[in-house]
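> Residue numbers (the numbering used here), protein chains in the order written: chain A, 1 to 174; chain B, 175 to 956.
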Amino acid sequence: MSLTNISVDKKPEGTIFSPELAARFDKLVTLYPMKRSALIPMLLYAQDEIGYLSDAAIAEIAHRLQLTVLDVRNVLSYYSMLRTRPAGKFNVQVCTNISCMLRGGQELFEHCERQLGIGHKQTTPDGVFSLEEVECIGACSWAPAVQVNYDFHDNLTPETLDAILAEYRSKASQ
Amino acid sequence: MADVTLTVDGKRITAPAGTLLIEACRKAGIEIPAFCYYPGLSLQAACRMCLVRIEKMPKLQTACTTPVAEGMIVATETDEIKQARKSMLELVLANHPLDCPVCDAGGECELQDMTFKYGAGGSKFIDIKNHRDEQQWSPVVFFDRPRCILCYRCVRVCNEGMDVAALGIQQRNASSVIAPNDKTELDCEQCGMCIDICPVGALTSDTYRYKTRPWEMTHIGTICTHCGDGCKTTLGLRRSEDGMQIVRGDNRDKSGLNGDFLCVKGRYAFDFSDSPERLTLPLVRQEDGHFETVSWDVAIKAVARGFREIRDTRGGSSIGVIGSTRITNEENYLLQKFARGTLGTGHIDHHRTTDYVSFIRALGGQKGRFASISDTASAPAVLLIGNDPTEQHPLLAWNLRTNVRQNRTRLYIVNHREIKLTRQAKAFVQIGSDSYAAFASFLSGGDSTAFGESATSLRDALRQEPNLVVIFGSELRGADVETLVKFGLSLPDTKFACLGDYVNSRGAADMGLYPDLLPGYVPVAASGAMQTEYGERFPAQPGMDLASMFEAAGRGQIAGMYIVGDDPVERLGIAPETLRDTFVVVQDMFLTGTAKLADVVLPTASLYEKSGTVTNTYGDLQGVKKAADRAGVRTDLELIVRIADAMGHDVRKLVPFGKGVRADMGQSRGAQSGEADRHAIWLAAHNLEPKLSPFDPNALLDEIQRVVAGYDFDRIDLLAGSSPQVQPASAELVQIAPPSSRPDSIQPSGDTLFTSGTLGHYSEKLNEVQAFQEKKALVAAD
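The structure is reproduced here in structure tokens:
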């Protein structure tokens, strides 16, 4: 028996992604001179579909790009917006960079902590919300701003934010 | 490329265009500090220690990534640069624990040296340092994140040098961390290159961790006792209760033929020498069948009495002698001389792991056709047939990978399995495990289409190679070796290498541990001068090979056996009854299966505890230096001499020591009457002095150099620490009998990266690593 590994990672069978995403990935890998250039978009799309980057998702992406799992992890761990654990249904990202900070971003974040009962990078027990303190999201002109999943909410006060959170909560229960 | 001229620190230097500034400076004697730059690996420019000022360039530049240019004016040591380096070190030390008093690397740490030279004695950082606990990644590799300076050397050597890619880098900036590939463990070849290349104490080895301080050890560079590649390993030694103990094996001294490389065995599998199972007292079997420990005098007398009695009553030919693939050339030479000259037997053999005889025979009369290990790192094209160097010849695998990576060598592989090196191959042809012979004849011509399209195009490509190196494993034997060599010789300037398994497999073959061949592959029938030198007991007929000896012992025809450093009983599964009526003497480090059946067991020194020379499978001869010491044991050389002495044999005739003792002034009668002392004349002609002690291996090396074909290398090469190549296939070689007349007695060891024959059983660390790898393989198979 050979005890040195020839191929580090086993080939996953089938795909864990939706047929649409799988087709999209099939195309993506053909677009660049080097296959691995498709890595970051693939990680993002996979996260959008599954909610986070599971071990199975990482293994499949590694296989599609002929990379090792370690290679994929090296890249994804670099980016704070890529997750390896599930987030809540609504990921509340509060900006506390300079413009938002000056206009009460820090207070907004602390308000969220109190309202949701969770801290940075945590998820509520019901899985509805998760909270994150993030760097600039490019909405300085309308500071303070909060991003929930891909939607922006700007020029906020603790009161307007409460209304927004309530709206999401009711959406979650539908 | 054309040379360019540049000015560094006011000194004009020239370097070939394309050279990196850091290299050009180093060659000109201007040291530029660097952590991340490592010759032969890809560029990183992470550590910023090599910053220099280049005129007309904005900001300081990294000398490790800047190629030299004509007229470039460079300053390497200005106040600005010193300040930059000092600041860089301050950053590097920001999270460094400064646990130097207990760190393994303390005293031989590049970070210590750099801080000492460039300062940063104080720090502006008052924050709490990031801390992570130490992690164990495998039985041999530990990782201490806080000490890591993120130079990425380990990641690159694992990716590029080893082609294993077991290390990665995760997170970013100050949180960056080196990560293993299998969650919290390493799934790799356990070579320990990452530990060796780490400039600080972030990666440490289990065998050495927190054991001692570097300055408390003596460091001896000697040759690894395991596979046939013959890497140099630097042993760190410390005084222990019963001698000098090996506490570390590494490759700090990069002067060996292995350059940067060392594998798991050379690095960790030295612990057999400290095994509690090690024999340190001679054992003699008593009437009641039990072993009794006795003094050396008693044991040697028992051996001498036994052998003399058998020789004088039943004749020398009733004694069989088995040599070793792990003892020195001098010892093996002496052993066969003792067998032929003192015991008077032709029954001498060793554990053959490949067919060197057919190889040497096929190259008979050719000069400059042996590929040395260094050729494998530089040849423009290599054909590898059989073997799996990753498992069996790790240095060869490293050289081939490096050669492909750096010189774009064309590597052609023919194997029955898709071995790991096929990743580097330009062409790979998979054949059946029983088709090697057919493939050899396919190469030499024939329109056979049995191997398909790819094999034909491989053959066509090979025919265009002017400087091919052909390397083959023990899959090819006998006439098939000849067929392959003939094909190689039909191309211009082809060189060859034949892969055998143990550190001195080739040496044992060269030294004539064959029943039918004398040292230098001289057939017994054509012994010539050797016969007269060895004395009147010299057997005129070829003897029996190893397997036949045991068969004969079973029939009662072999009354005595002298087995040195081998365990044929275990290896061949020989039944104990076979040796019931045979007087068996075993020289070994351990009570092996063979030793258990012996009448006398003589505990011997390991290759790390003696001096001499060994020849690797490529014919590179290297000096072995005595490093460790174990009270009680004796070298095989000393034991053979003492047994001969106790048998009443004139030791001066066995080992040429002392002055002018062999000259015959005409007093005697017989073949040598009136002849001058050949050895004294040879010594004088080579400016060598007679050696004073019969236990001096150099005395035997003198004789080996005088009589063994191909061993006429320049002694100064060896003394200077290089590895002269021996070329035994001299033009004067008498034709060796065709292989068809020889029983096929080759038994490849089947060793992997984590086993090493009998010796491997006694290395606890190697066993531990093997168990770890087996567990990983099982998990992977699920």
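Glycine included, every Cβ here is placed at the ideal spot set by N, Cα and C.
1. Label MET231(B) either buried or exposed according to how many other C-beta atoms from any shown protein chain fall within 10 Å of its C-beta, with 16 as the threshold for buried.
2. When you compare each of GLY797(B), ARG826(B), LEU952(B) and GLY832(B) to SER896(B) by their alpha carbons, which one comes out closest?
3. Going along the chain, which residues of its own chain have a beta-carbon closer than 6 Å to the beta-carbon of PHE444(B), five neighbours each way excluded?
4. Helix, strand or coil, according to DSSP, for ASN91(A) in the structure here?
5. Give every residue of the same chain whose Cβ lies closer than 6 Å to the Cβ of SER99(A), excluding the five residues on either side of it in the sequence, and list them in chain order.
6. Using beta carbons (cut-off 8 Å, strictly below), is ASN97(A) in contact with chain B?
7. So that I know if they touch, is there some Cβ in chain B lying closer than 8 Å to that of LEU82(A)?
8. Out of GLN638(B), LEU642(B) and LEU617(B), which one is the CA nearest neighbour of THR630(B)?
9. Which of helix, strand or coil does DSSP assign to GLU399(B)?
10. Would you decide whether GLY430(B) is buried or exposed? Buried here means 16 or more other CB atoms lie within 10 Å of its CB.
11. Report yes or no: do the segment 300 to 315 of chain B and the segment 36 to 45 of chain A share at least 3 C-beta pairs separated by less than 8 Å?
12. Of the choices ALA703(B), SER414(B) and LYS428(B), whose alpha-carbon is the least far from that of THR408(B)?
13. Starting from the C-beta of TYR168(A), find all residues in its chain whose C-beta is less than 6 Å away, skip the five residues before and the five after it, and write them out in chain order.
14. Please decide whether ARG73(A) counts as near chain B, where near means a Cβ-Cβ distance under 8 Å.
15. Among the candidates TYR326(B), THR179(B), VAL531(B) and ARG804(B), whose CA atom is the shortest distance from the CA of CYS210(B)?
16. At 7 Å on the CB atoms, spell out the chain B contacts of THR68(A), in chain order.
17. Pick helix, strand or coil for PHE481(B), following the three-state DSSP scheme.
18. Return the first residue and the last residue of the alpha helix (DSSP H) that GLY681(B) is part of.
19. Should TYR168(A) be flagged as near chain B, meaning a C-beta pair shorter than 8 Å?
20. Would you give the residue range spanned by the beta strand (DSSP E) that MET143(B) belongs to?
21. Following the continuous alpha helix (DSSP H) through ARG745(B), name the residue where it begins and the one where it ends.
22. Just the Cα atoms here: how many angstroms apart are ILE474(B) and ARG816(B)?
23. Bridge partners for PRO354(B) per DSSP, in chain order?
24. Kindly indicate which residue of ASP794(B), THR787(B), ASP803(B) and LEU795(B) has the alpha-carbon position closest to the one of THR778(B).
25. Who are the neighbours of ILE369(B) on chain A, taking C-beta pairs under 8 Å?
26. Identify the continuous beta strand (DSSP E) that holds CYS672(B) and give its terminal residues.
27. Label PHE481(B) either buried or exposed according to how many other C-beta atoms from any shown protein chain fall within 10 Å of its C-beta, with 16 as the threshold for buried.
28. Using a Cβ cut-off of 8 Å, pull out every chain A residue sitting near ILE343(B), in sequence order please.
29. So, is HIS860(B) buried or exposed, given that buried needs 16 or more other C-beta atoms within 10 angstroms?
30. Hey, GLY694(B) and VAL882(B) are a contact pair by Cβ (cut 8 Å); roughly how many whole angstroms apart?
31. Pick helix, strand or coil for GLU264(B), following the three-state DSSP scheme.
32. Are the segment 488 to 506 of chain B and the segment 787 to 796 of chain B in contact at 8 Å, needing three or more beta carbon pairs?
33. For GLY964(B), which residues of its own chain have a beta-carbon under 7 Å away from its beta-carbon, when the five flanking residues on both sides are left out?
34. Please go through the same chain and pick out, in chain order, the residues whose beta-carbon is closer than 7 Å to the beta-carbon of ILE16(A), but skip the five residues on each side of it.
35. Looking at the unbroken beta strand (DSSP E) that takes in VAL155(A), where does it start and where does it end?
36. Report the CB separation of GLU132(A) from LYS121(A) in whole angstroms; it is logged as a contact under 8 Å.
In short, the structure shows the following:
1. exposed
2. GLY797(B)
3. ILE420 and GLY423
4. strand
5. CYS140 and ALA143
6. no
7. No, LEU82(A) does not count as interfacial toward chain B.
8. LEU617(B)
9. Per the sequence shown, residue 399(B) should be read as Thr rather than Glu. Three-state result, THR399(B): coil.
10. buried
11. no
12. LYS428(B)
13. PHE90
14. yes
15. TYR326(B)
16. ALA339 and ASN355
17. helix
18. 679 to 684 is the extent of the alpha helix (DSSP H) around GLY681(B).
19. For TYR168(A), the answer is no, since every Cβ of chain B falls outside 8 Å of its Cβ.
20. Residue 143(B) lies beyond the range of chain B shown here (175 to 956); nothing can be said about it.
21. 742 to 746
22. 7 Å
23. LEU341(B)
24. ASP803(B)
25. Within chain A, no residue comes near ILE369(B); the closest Cβ sits about 18 Å away, beyond 8 Å.
26. 669 to 672
27. Burial call: buried.
28. ASN74
29. HIS860(B) comes out exposed.
30. Contact annotation, GLY694(B) with VAL882(B): C-beta distance approximately 4 Å; criterion of less than 8 Å satisfied.
31. helix
32. yes
33. In the structure as shown, chain B starts at 175 and stops at 956, and residue 964(B) therefore has no counterpart that could be examined.
34. ALA56, ALA57 and GLU60
35. One point to set straight first is that residue 155(A) is Asn, not Val, in the sequence displayed. No beta strand (DSSP E) holds ASN155(A); DSSP gives it neither H nor E.
36. 6 Å
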